[in-house]
Amino acid sequence: MISAGDFKNGVTIECEGEIYVVMEFQHSKSGRAAAVIRTKLRNIVTGGIIEKTFRPAEKMPRAHIERKDMQYLYKDGDLYHFMDLENYEQIPVDAVSVGDSLIYIKENDVVKIMSHNSNIFGIEPPISVELEVKDTEPGFAGNTATGATKPATLETGAVVTVPLFVNIGDVIKVDTRTGEYTGRVQQ
Numbered sequence: 006m007i008s009a010g011d012f013k014n015g016v017t018i019e020c021e022g023e024i025y026v027v028m029e030f031q032h033s034k035s036g037r038a039a040a041v042i043r044t045k046l047r048n049i050v051t052g053g054i055i056e057k058t059f060r061p062a063e064k065m066p067r068a069h070i071e072r073k074d075m076q077y078l079y080k081d082g083d084l085y086h087f088m089d090l091e092n093y094e095q096i097p098v099d100a101v102s103v104g105d106s107l108i109y110i111k112e113n114d115v116v117k118i119m120s121h122n123s124n125i126f127g128i129e130p131p132i133s134v135e136l137e138v139k140d141t142e143p144g145f146a147g148n149t150a151t152g153a154t155k156p157a158t159l160e161t162g163a164v165v166t167v168p169l170f171v172n173i174g175d176v177i178k179v180d181t182r183t184g185e186y187t188g189r190v191q192q
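Residue 181 in my numbering sits at position 176 of the sequence shown, with consecutive numbering throughout.
Given below as structure tokens:
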């Protein structure tokens, strides 16, 4: 059990039969009224966001989320297939659970599968990935304005904004949380 006064961003709780992750919280006290905790909660299964107010002493059961490393194998229709690295068991996951979290992931990359009570609800890619640039406009000599960028299509089909000096065939690092270019891999 966790009391509302101990909420922090990222804490998972069970509330009204659903599992939520705390996205934001704020302690609030006004005049003579009792203090309250105002929260913004995201349902881990549906992705819906609700705002809820708790008393600081109110207790909620903490939800245990299991994260397990698995290797992404392939996509077959609306199913994505992953392999458990410990026992080599293959697990299909539907497209709704995967969402757009695999946009920077290639086949055979390792990701974290998130589940609650053996029900898979999400995929967590690595924070940084290295991908090859498959298509981009060439950078021209003299076009060196500070901070100038151009779009680049990566080997997974994702499009990111890169500096002008990045060319087709270059391998770049991308932050999967923001989708931003973070550097070029030296070869």
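For each residue, glycine too, the CB sits at the ideal point set by N, CA and C. Bear in mind the structure is a predicted one, so any value in this text is a computation, not a measurement.
The shortest CA-to-CA distance from Met6 to any of Val41, His69 and Arg37 is the one to His69. When DSSP assignments are scanned along the stretch 49–116, the uninterrupted stretches of beta strand (DSSP E) that are 3 or more residues long and fall wholly within it turn out to be 54–59, 71–81, 84–89 and 95–99.
If you ignore the 5 residues before and after Asp99, its C-beta comes within less than 7 Å of the C-beta of Asp83 and Leu84, all in its own chain and listed in chain order. Met28 and Arg43 have their C-alpha atoms some 11 Å from each other. Contact check for Val190 against Glu112 fails: the beta carbons are separated by 9 Å or more. Under the three-state reduction of DSSP output, Gly184 falls in the coil class, being neither helix nor strand. By the criterion of at least three beta-carbon pairs nearer than 8 Å, the stretch 91–106 is not in contact with the stretch 151–159.
Taken in chain order, the complete beta strand (DSSP E) segments of 3 or more residues contained in the stretch 117–170 are 124–129, 133–141, 154–159 and 164–168. Phe12 is not bridged by DSSP to any residue. Going by DSSP, Glu19 is part of the beta strand (DSSP E) stretching over Thr17 to Cys20.
With a threshold of 16 other beta carbon atoms within 10 Å, Leu159 meets it and is buried.
Around the beta carbon of Tyr93, fewer than 16 other beta carbons sit within 10 angstroms, so the residue counts as exposed. Gln31: member of the beta strand (DSSP E) spanning Glu23 to Ser33, first to last residue.
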